[in-house]
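S.K.: Heads up: the sequence shown begins at 2 in my numbering, then just goes up one per residue.
Structure incoming, see below.
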Amino acid sequence: MKASLFRHGLNLWPPFLFAGIHVSQVTPDYRFVRVELRMRPWNKNYVGTHFGGSLFAMTDPFWMLTVMQNLGRDYYVWDRAGEIEFLKPGRGTVTAEFRLDETLLDQ
């Protein structure tokens, strides 16, 4: 699948669309993805910062999806665990970038 179609499809996917998550860039080789989470009234927590569940959702699928696109249809990739460490409160638009390299693919 072309990276542009992949990006548009994810942007229309209801869990991303309604949370304010926007995939802003996917390179044609699926080795780089940039995702943004825009602050909206419905994704703020009680103290006015980004809801942690939305922050986790914006990062959740990309390692699996980019690795699967690079390995091809003969492989299935399953997430075994996920972890997030909040460095500071998220305000405004927050961004996450994923870079996939040969070292990771060789594992």
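For each residue, glycine too, the CB sits at the ideal point set by N, CA and C.
(1) Below 8 Å on the Cβ atoms is my guess for F63 versus I85; work out the distance and round it to an integer in Å.
(2) Just the C-alpha distance for A97 and H23, rounded to the nearest angstrom, thanks.
(3) Just to confirm my understanding: we take L11, look at its own chain, exclude 5 residues before and 5 after, and list those with CB closer than 7 Å. What are they?
(4) Looking only at its own chain, which residues have a Cβ that is under 8 Å from the Cβ of L105, when we skip the five neighbours before and after it?
(5) Are there 16 or more other CB atoms within 10 angstroms of the CB of G91, so buried, or fewer, so exposed?
(6) Between the alpha carbons of T50 and N44, how many angstroms are there, rounded?
(7) Sort Y77, M40, V36, R74 by Cα distance to M59 and report the nearest one.
(8) Determine the contact status of F33 and F99, defining contact as a CB-CB distance below 9 Å.
(9) Could you name the residues of the same chain whose beta carbon sits closer than 6 Å to that of L101, not counting the 5 residues immediately before and after it, in chain order?
(10) CB S55 to CB G21, shorter than 9 Å?
(11) Exposed or buried, which one is L13 when buried takes at least 16 other CB atoms within 10 Å?
M.R.: The relevant details are as follows:
(1) Not a contact, Cβ separation roughly 13 Å.
(2) Rounded to whole angstroms, the separation of the alpha carbons of H23 and A97 is 11 Å.
(3) Excluding positions up to five away in sequence, the list reads F17, V24.
(4) Cβ neighbours of L105 beyond the five flanking positions: V68.
(5) So G91 counts as buried.
(6) Taking C-alpha positions only, T50 is separated from N44 by approximately 8 Å.
(7) Here the closest residue by C-alpha is V36.
(8) Yes, the pair counts as a contact, with Cβ atoms nearer than the cut-off.
(9) Contacts found: R32, T67.
(10) Yes.
(11) Exposed, because fewer than 16 other Cβ atoms sit within 10 Å of the Cβ of L13.
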